[in-house]
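Colleague:
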Amino acid sequence: MCSEIAPDEIPDGQARTWSLCWQAAVGREFFVHPSLVAQIRSRLIGAHQRSGRVLIDFVLLSTEIHAVAQIPAGDSVGGVARAFGNVVSRWVREAQPVRSPVLAGPYRAQRIESAEALRHEVRMLAWRPVVQQSCATPTHHPHGALRIALGLTPAKGFDARPLLGYFGGSVPAARAALRSWIAKRPSEQDWRAWELTRGLALATGSVGPHPSMAKGVDAAAAALIAAGGSYGIDGALALLEVWVGARIHPGKPLDLQAASSAVAARGRALVACLAVAHRLCSAASVARYFHRAKATLSEQMTACRSRPADRLILAVPLRRILEESASVRVAGPSCVHRCICAEPKDAGAMTVPCAHDARK
1 MCSEIAPDEI PDGQARTWSL CWQAAVGREF FVHPSLVAQI RSRLIGAHQR SGRVLIDFVL
61 LSTEIHAVAQ IPAGDSVGGV ARAFGNVVSR WVREAQPVRS PVLAGPYRAQ RIESAEALRH
121 EVRMLAWRPV VQQSCATPTH HPHGALRIAL GLTPAKGFDA RPLLGYFGGS VPAARAALRS
181 WIAKRPSEQD WRAWELTRGL ALATGSVGPH PSMAKGVDAA AAALIAAGGS YGIDGALALL
241 EVWVGARIHP GKPLDLQAAS SAVAARGRAL VACLAVAHRL CSAASVARYF HRAKATLSEQ
301 MTACRSRPAD RLILAVPLRR ILEESASVRV AGPSCVHRCI CAEPKDAGAM TVPCAHDARK
């Protein structure tokens, strides 16, 4: 998995692997002059030639720069990222002397915590130029590590061995595995979550204090929003609404928007607790989404947090919420009850009371 960490925070101990991203401001391009491509590439590689630093993967685009790098303990990922970004900004300003920022905002740093997560990042970076319409296939993009790793482009200072090491023991085997790995294009849901987490897209919605809103979100909220089918917070709340309804009322769909029963009130409070816990939005935003008073919803949220059965629901891991939500869309609310009965050891599914059990 990838987790968002404060850019300057790097724990003691072993080296950490990071995904770094810089985005050009509106009206700016990193490749405003053809010579900048080679300069930026050399600067990125040179910034990681210091002892202990390893540049694993990178992709250069006209409005985005991405790098996957290993930074040793005691070194500062923020120092690496800012030094590179400041130099690139100066070069672009010199080539395009316009009184406006070069970067859309601070760099983004995501810590990569496993080999699986790193391979996922490699696939996303391989397909990013295609999504940005810079080329037709991943191997056609000339300004990245992929072609070097596959032996299609001269290295020119970049060592592809750390990247290939994640795909095989020998160079031929690793190249074959890498080709096979990137052959599958990421899904639209994968792209939404990836872009939201890296600040390349903002979460939008109409549940804020204004008619429309846009904000940055972290990984958990991004996963919920992406699973909701768009970049909107409203879609993520609708997903939680359906999932909570299936959990507490599996017999038939429960309309949390219109119903005024005690079960519906409990469901709305659970949705609010989950939205706040996963930093999707505030309780006030959930109250607006359901057209309810915020004070009343807050009281119901407090009751949920003290109710044992509801605490079990709130403890369900996000991964399972997303999996069960997808099942609900296909098989209906009763499928969640079957999952609960089939896996009694799951902390989030042990003793959640439902209408089916009550009738028995």
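Going by the numbering used here, the residue at position 123 of the sequence shown is 123; the numbering climbs one at a time, nothing skipped. Idealized CB from N, CA, C, for every residue including glycine. This structure is a prediction, so every number in the text was calculated from the model and none was measured.
#1: Using a 10 Å radius around the Cβ and a threshold of 16 neighbouring Cβ atoms, would you call Asp8 buried or exposed?
#2: Just curious, the alpha helix (DSSP H) that Gly267 is in, first and last residue?
#3: Rounded to whole angstroms, how far is the Cβ of Leu224 from the Cβ of Val271, which I believe are closer than 8 angstroms?
#4: Check each candidate in Ala193, Phe158, Glu299 and name the one with the smallest Cα separation from Val59.
#5: Does the distance from the CB of Gln70 to the CB of Ala155 come in under 8 angstroms?
#6: Since I believe Leu322 is in contact with Ala227 (beta carbons under 8 angstroms), could you give me their beta-carbon distance rounded to a whole number of angstroms?
#7: Could you check where the beta strand (DSSP E) with Gln189 kicks off and where it finishes?
#8: Determine the DSSP secondary structure at Gln39, reduced to helix, strand or coil.
#9: Pop quiz: Leu256 and Gly267 are said to be a contact at Cβ under 8 angstroms. What is the actual Cβ separation, rounded to whole angstroms?
#10: Spatial neighbours of Gly151 within its chain, please: C-beta separation below 7 angstroms, excluding the five flanking residues on both sides.
#11: Determine, using beta carbons only, whether Ala67 and Leu20 come nearer to each other than 8 angstroms.
#12: Quick one: grab the DSSP three-state call for His120.
#13: Would you call Ser134 buried or exposed, if buried means 16 or more other Cβ atoms sit within 10 Å of its Cβ?
#14: Could you check the C-alpha separation between Val328 and Gly205 for me, to the nearest Å?
#15: Please return the same chain residues whose Cβ sits closer than 7 angstroms to the Cβ of Ser62, not counting the five positions on each side in sequence.
#16: So, Thr153 versus Pro162, is the Cβ gap smaller than 8 angstroms?
#17: Run through DSSP, which three-state label would Asp75 get?
#18: In whole angstroms, what is the alpha-carbon distance linking Val263 and Ala221?
#19: Which partner residues does Phe58 have in the DSSP bridge list?
#20: Just mark Ala269 as buried or exposed, buried being the case when its beta carbon has 16 or more other beta carbons within 10 Å.
#21: Have a look at the DSSP bridge pairing and note the partners of Arg320.
#22: Roughly how many angstroms lie between the CA atoms of Ser35 and Val276, to the nearest whole one?
#23: According to DSSP, is Thr17 part of a helix, a strand, or is it coil?
#24: With H, G and I counted as helix, E and B as strand and the rest as coil, what does DSSP make of Lys215?
#25: Which value, in whole angstroms, describes the spacing of the CA atoms of Gln96 and Val88?
#26: Where does Leu280 sit, in a helix, a strand or coil, going by DSSP?
#27: Does the beta-carbon of Ser3 have 16 or more other beta-carbons within 10 angstroms, so that it is buried, or is it exposed?
#28: Ala160 and Gly168 - do their beta-carbons sit closer together than 8 angstroms?
#29: Could you give the distance in angstroms between the alpha-carbon of Val77 and the alpha-carbon of Ala149?
#30: Please name the residue, chosen from Glu121, Ser306, Gly251, that lies closest to Arg389 on a Cα-to-Cα basis.
#31: Using only the alpha-carbon positions, how far apart do Leu237 and Glu94 sit?
#32: In whole angstroms, what separates the C-alpha of His139 from that of Arg185?
#33: Are the CB atoms of Ala203 and Ile233 within a distance shorter than 8 angstroms?
#34: Going by other Cβ atoms of all chains shown within 10 Å of its Cβ, with 16 needed for buried, is Gly235 buried or exposed?
Modeller: Once the coordinates are examined:
#1: Only weak support is given to the placement of Asp8: the predicted model assigns it a pLDDT of 37, under 50, and the value that follows is read from those uncertain coordinates. By the neighbour-count rule (16 or more Cβ atoms within 10 Å), Asp8 is not buried but exposed.
#2: Membership of Gly267 in the alpha helix (DSSP H) is indicated by the continuous run 262 to 277.
#3: Not confirmed; about 11 angstroms, so no contact.
#4: When each option's Cα is compared against that of Val59, the closest is Phe158.
#5: Against a cut-off of 8 angstroms, the Cβ pair of Ala155 and Gln70 comes out as no contact.
#6: With a Cβ gap of about 5 angstroms, Ala227 and Leu322 count as contacting.
#7: In this chain, Gln189 is not harboured by any beta strand (DSSP E); it is covered by the alpha helix (DSSP H) spanning 188 to 197.
#8: Under the three-state reduction of DSSP, Gln39 is assigned to helix.
#9: Indeed they touch by this definition, with Cβ atoms about 5 angstroms apart.
#10: Closer than 7 angstroms at the Cβ level, and outside the excluded window around Gly151, lie Arg175.
#11: Yes, Cβ-Cβ distance for Ala67 and Leu20 is below 8 angstroms.
#12: Correct three-state label for His120: helix.
#13: So Ser134 counts as buried.
#14: Between the C-alpha atoms of Val328 and Gly205 there is a straight-line separation of about 24 angstroms.
#15: Within the same chain, Glu29, Phe30, Phe31 come within 7 angstroms of Ser62 by CB-CB distance, once the 5 residues on both sides are set aside.
#16: Taking 8 angstroms as the Cβ cut-off, Thr153 and Pro162 do not qualify as a contacting pair.
#17: In the structure shown, Asp75 sits in coil (DSSP, three-state: anything other than H, G, I, E or B).
#18: Looking at the backbone, the Cα of Val263 and that of Ala221 are separated by about 26 angstroms.
#19: Residue pairing by DSSP places Phe58 opposite Ala67 in a beta bridge.
#20: With 16 or more Cβ atoms within 10 Å of its Cβ, Ala269 is classed as buried.
#21: Arg320 pairs with nothing; no bridge assigned.
#22: Ser35 and Val276: Cα-Cα distance of roughly 47 angstroms.
#23: Three-state result, Thr17: strand.
#24: Look at Lys215 here: in three-state DSSP terms it is strand.
#25: For Gln96 and Val88, the distance between alpha carbons rounds to 12 angstroms.
#26: In the structure shown, the three-state DSSP call for Leu280 is coil.
#27: At Ser3 the pLDDT is 40, less than 50, meaning the model places this residue with poor confidence; the figure from the coordinates comes in the next sentence. Of the residues assessed, Ser3 falls on the exposed side of the cut-off, its CB having fewer than 16 other CB atoms within 10 angstroms.
#28: Contact flag unset, no.
#29: Going by the C-alpha atoms only, they are around 24 angstroms apart.
#30: Given a span of 1 to 360 for the chain in the structure shown, any question on residue 389 remains unanswerable.
#31: Glu94 has its alpha-carbon roughly 46 angstroms from the corresponding atom of Leu237.
#32: At residue 139 the sequence reads Thr, which differs from the His that was named. Rounded to the nearest angstrom, the two C-alpha atoms are 13 angstroms apart.
#33: For Ile233 and Ala203, yes; Cβs fall inside 8 angstroms.
#34: Result: buried.
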